[in-house]
Structures are given as structure tokens and as C-alpha cells.
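Colleague: I am attaching a structure below and will ask some questions about it afterwards.
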């Protein structure tokens with residue numbers, strides 16, 4: 083073989099190797115990227131080639147699948163009582179993707195989860211029979227919260243303190259996920275452009291100033307730190323209380339309330355701003371933040387399993403700002419989930435059980451893949467003694483104080499109201515809050531509930547935690563404890 087032919091042969095061989103290398107690269111590296119590319123419809127076609135698995139509430143599926151009449155997508159997602167469960171299910175759309183539980187468990191619900199595949203499926207790449215998601219949601223509690231909120235803009239969360247099971251997640255106004263299943267552009271534009279933001283999950287993903295409900299956290303910090311040994315010890319709390327370094331006196335909602343040097347019990351009963359602002363300053367922001375974080379604030383990975391937005395206790399404050407943080411203002415924010423967690427920990431003897439709204443996941447045959455109810459994580463937030471004192475003081479709020487609209491016959495109820503300022507110089511309608519726990523006097527069964535009402539048709543002067551949020555919490559607690 084002469085030199086020229088030998089060189090051509092080597093060059094040709096190198097080209098063959100280059101082609102083999104490129105083919106291997108595309109097959110095993112670029113394939114995933116190409117499959118996941120938004121412009122590639124093969125994944126969507128495969129997802130909707132057959133019925134999806136279901137999200138189950140109270141033993142019944144609240145989702146389904148229906149045959150389509152045309153196009154390359156054989157099935158579409160359907161929803162039972164879509165508006166009622168939208169904050170739980172989210173949506174699964176042929177065009178707009180998936181959110182909430184539909185998004186978290188998308189692979190399980192469409193059959194691509196590797197745990198669903200048998201050896202033959204893994205070899206052939208065939209889609210396995212989809213699995214199901216069994217939720218902890220109690221349909222009666224969910225319906226009670228949705229009905230009680232009505233046409234108000236707000237949210238409610240209910241938790242079983244002993245197990246961490248989330249019994250209700252409601253956000254209003256709501257929307258019907260069914261209208262997004264096939265990618266209706268007009269419906270998408272209407273929902274995303276609605277100023278009331280019906281697609282925002284206010285229960286889990288919209289932190290707001292918690293107002294006076296945050297006083298429970300400050301009281302817990304004071305008792306645990308030893309600043310005050312009991313909720314019935316008089317505090318050092320001048321009325322009015324001048325915020326340090328300012329000329330501003332912090333007013334109380336009720337000028338005639340006995341707030342000067344009031345005990346923690348009395349201060350919670352009348353929601354005395356001077357007591358808790360002074361208490362936060364005396365403790366210092368670091369101690370208050372440490373307690374807030376033990377309850378779950380500042381947790382950037384709060385999954386239930388939907389990722390909740392973190393509730394925040396700010397840092398870098400001066401003493402005046404620390405005082406305002408003590409009454410749930412300045413830059414303090416919380417979700418209804420977070421404030422329900424505060425009441426749940428107090429109700430459960432100071433121990434917080436990780437909240438979760440999925441009980442278990444199953445394969446296509448009903449066999450359990452993962453059980454979230456089994457031994458959920460828990461942590462000690464405050465001592466049992468501190469929790470008992472706070473429960474007692476919260477009962478006083480409901481029985482004799484600002485939370486009387488939460489009273490239920492046959493149920494021991496404790497709570498805390500809150501009215502949080504909104505807008506510059508409190509120029510907009512305040513947020514009405516209520517966080518609470520209820521214990522059945524006959525069965526001992528418990529529930530913790532938090533409610534926020536962002537806006538209603540009530541006059542500004544009538545906006546209060548007791549007037550707007552407490553009746554919603556009462557309806558939710560009654561549903562949870564009576565069924």
C-alpha cells in the first residue's frame with residue numbers, strides 16, 4: 083500500500099470514529115436534553131397517551147382523565163370539584179405544565195417514575211401503569227373552610243397537631259384547573275391577568291404580616307428565656323410605650339384596656355401592643371428570631387411536599403424596629419401554614435410534628451411506594467410547661483378576650499387574633515388573622531387552624547381577626563372535631 087492510500091485510509095477511519103463518537107454522545111448525553119426540551123412534543127404526547135394516575139381525597143379521586151376528540155394527545159386531565167381542591171392539586175396542562183401536587187408527583191402520575199417499572203418496562207422503555215397520590219386532606223374540613231371563606235380573599239390551613247397531617251388547604255378566590263387542561267389560551271390569559279390572583283396559593287405561598295398572632299412567638303420566647311416565669315406574672319410594660327430612639331408612642335387598639343404592666347395572659351387577652359413590643363426589645367431580636375425559627379420561620383426548604391414560601395423574621399433591626407417586630411409588623415411575614423404550625427406545636431405539648439398533606443403514594447396496583455404518615459419528623463419547640471401556659475392564655479383570649487367568635491360548645495378552644503397593617507401608613511384595608519387550636523371535650527381529638535382574610539366587603543372599621551377570621555376558624559375546627 084502506497085503512502086497516499088495509507089493516509090486516506092487512516093483519515094477515513096478517523097472520520098468513522100468521529101461519527102461513532104458523535105452518535106454515542108447524542109444517544110447517551112444529548113438524548114436527555116432533547117427529551118426535556120420544551121419544543122419537543124414527544125414527552126407531552128407520551129404523558130397524555132393514556133390515563134394519568136389520580137390524586138385521592140377521603141378515599142375518592144378528585145382527578146381523572148378523559149379521551150380527547152382530536153390531535154396527537156389522546157387524553158386530558160379532568161377535575162372533580164376543581165375550585166374546592168385547586169390549592170391542593172394544582173393543575174396538569176398539556177401546554178402550561180403542572181403545579182402543586184400535580185407537579186411534585188408528575189412522574190408518578192404519568193407512569194415515568196422508575197419505581198413503577200418492571201424489568202421489561204425498563205428494557206423496552208414502555209410507560210408503566212401510573213401510580214396514585216393519597217392525600218391527608220379531609221373533604222369535610224376542606225369544604226367547611228372553602229364555604230366559610232366564601233367570597234372573601236384569603237386562606238385557611240388546618241393541621242392535626244399529633245400527626246402533622248394537613249386536613250385542609252384552601253385559598254380564595256379559587257379557579258377550576260380543568261379550564262387549563264388543554265391549554266386554553268383565553269382562560270390562561272384571564273386567570274394570570276386577574277388582579278385577585280386566583281392561581282396564587284395564599285395558604286402556602288403568600289407570606290403576609292401576621293400582626294398580633296406573632297405575639298404568641300414572642301410570649302414563648304419570654305417564657306423559655308426566663309424573662310417572665312409565668313403568663314400570670316406582671317410584666318414591665320409602660321403604657322404608652324415609646325419605641326426606643328423615636329418620638330413615637332405605640333398605641334393599643336383598645337385605649338381603655340388594662341395594658342400597663344399587664345401579665346402575658348392579659349396582654350394576649352386584650353392584644354396589648356405595648357407589652358409585646360417592650361418584650362421583644364427586652365429579649366433582643368436574636369432571641370426572638372431563635373424562637374421564631376424553632377416554630378418554622380426562615381425555613382427555605384419547607385416541603386409539605388409542595389414547597390411553601392418561607393415565613394420571615396427579619397435581621398439587622400434597630401430597637402424600634404425590633405419593637406414593631408414583636409407585634410408582627412415591620413418586616414415580619416408569615417403564611418397561614420406557618421401560623422397553623424405555631425398553634426399546632428403549642429397544642430401538642432410544645433412539639434411540632436412536620437406538616438404534610440400526602441399520606442402515601444402507591445403504584446398502579448395499589449402497593450405503597452412511600453408512606454409519609456409513618457414516623458413523621460418532629461422537634462421540640464418549647465417545653466411542655468411553656469406550651470401548657472400558652473394554651474391556657476389562648477383559652478382566655480377565646481373565652482374572655484378578643485377571640486370570642488371562635489367559641490364552640492363541647493370544644494376547648496384557644497386562639498389569638500391579629501389585625502395587620504397593610505400599605506404605607508396603614509393606608510389599605512388591614513389583614514385579619516386568627517390562629518387557634520381546638521380540643522374535643524369528649525374525645526380529646528385536636529386540630530390547629532390558621533386563617534387570614536386579606537379583603538372582604540366589610541367596612542375598614544369592622545376588619546378584625548375576631549370579626550372576619552375567627553368565624554372561619556370556628557367552622558373549620560367544628561368540621562374537624564365533629565366528624
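Numbering (this note's numbering), first residue to last: 83 to 565. Here a beta-carbon is modelled for each residue, glycine too, at the ideal position from N, C-alpha and C. Since this is a predicted model, take the numbers as computed values, not measurements.
When DSSP labels each residue in this structure, what does residue 116 get in the three-state scheme?
Modeller: Note on residue 116: pLDDT 47, under 50, position unreliable in the model; no value is reported.
Colleague: In terms of residues, what are the limits of the beta strand (DSSP E) holding residue 333?
Modeller: Note, residue 333: premise wrong, no beta strand (DSSP E); not H, not E.
Colleague: Tell me the DSSP secondary structure of residue 364 in three-state form.
Modeller: Looking at residue 364 - three-state DSSP - the assignment turns out to be helix.
Colleague: Distance check for residue 425 and residue 475, CA to CA, integer angstroms please.
Modeller: Using only the alpha carbons, I get a separation of about 12 Å.
Colleague: Between 215, 236, 185, 161, which has its C-alpha nearest residue 451's C-alpha?
Modeller: Closest option to residue 451, Cα to Cα, is 215.
Colleague: To the nearest angstrom, how far is it from the Cα of residue 278 to the Cα of residue 536?
Modeller: Straight-line Cα distance between these residues: approximately 10 Å.
Colleague: Leaving out five residues before and five after residue 226 in sequence, what residues of the same chain have Cβ atoms less than 6 Å from its Cβ?
Modeller: For residue 226, where only same-chain residues beyond five positions count, the Cβ hits under 6 Å are 557, 558, 561.
Colleague: Evaluate residue 376 with the Cβ neighbour count: other Cβ atoms within 10 Å of its Cβ, from every protein chain shown; 16 or more gives buried, anything less gives exposed.
Modeller: Buried is the call here.
Colleague: Return helix, strand or coil for residue 543, following the three-state DSSP convention.
Modeller: Residue confidence for residue 543 is low, a pLDDT of 47 falling below 50, so the modelled location carries little weight and cannot support an answer.
Colleague: Three or more C-beta pairs closer than 8 Å, one from the segment 165-177 and one from the segment 133-151: is that the case here?
Modeller: Enough Cβ pairs lie closer than 8 Å, so yes.
Colleague: Tell me whether residue 241 is buried or exposed, calling it buried when 16 or more other Cβ atoms sit within 10 Å of its Cβ.
Modeller: When all chains shown are included, residue 241 counts as buried.
Colleague: Determine the closest residue to residue 243 out of 419, 271, 344, with distance taken between C-alpha atoms.
Modeller: When only C-alpha atoms are compared, the closest one is 419.
Colleague: Between the Cα of residue 316 and those of 326, 383, 301, 329, spot the shortest distance and give me the residue it belongs to.
Modeller: Per the Cα distances, 301.
Colleague: Tell me the DSSP bridge mates of residue 452?
Modeller: Residue 452 pairs with 443.
Colleague: Determine contact between the segment 354-367 and the segment 317-332, defined as no fewer than three beta-carbon pairs at a distance below 8 Å.
Modeller: Yes: the two stretches touch, three or more of their Cβ pairs being nearer than 8 Å.
Colleague: Would you give the residue range spanned by the beta strand (DSSP E) that residue 529 belongs to?
Modeller: Residues 528-537.
Colleague: Take the Cβ of residue 256 as the centre, count every other Cβ of all protein chains shown within 10 Å, and call the residue buried at 16 or more, exposed below.
Modeller: Under this definition residue 256 is a buried residue.
Colleague: Which value, in whole angstroms, describes the spacing of the CA atoms of residue 162 and residue 145?
Modeller: Roughly 6 Å between the two C-alpha positions.
Colleague: Any chance you could list the alpha helix (DSSP H) runs of at least 4 consecutive residues sitting entirely within the segment 362-424, in chain order?
Modeller: Qualifying alpha helix (DSSP H) stretches, in chain order: 367-377, 401-407.
Colleague: Using three-state DSSP, classify residue 261 as helix, strand or coil.
Modeller: Three-state result, residue 261: helix.
Colleague: Compare the beta carbon distance of residue 169 and residue 283 with 8 Å and say whether it is the shorter of the two.
Modeller: A contact, by the Cβ cut-off of 8 Å.
Colleague: Please classify residue 430 as buried or exposed, where buried requires at least 16 neighbouring CB atoms within 10 angstroms.
Modeller: Its Cβ being crowded by 16 or more others within 10 Å, residue 430 is buried.
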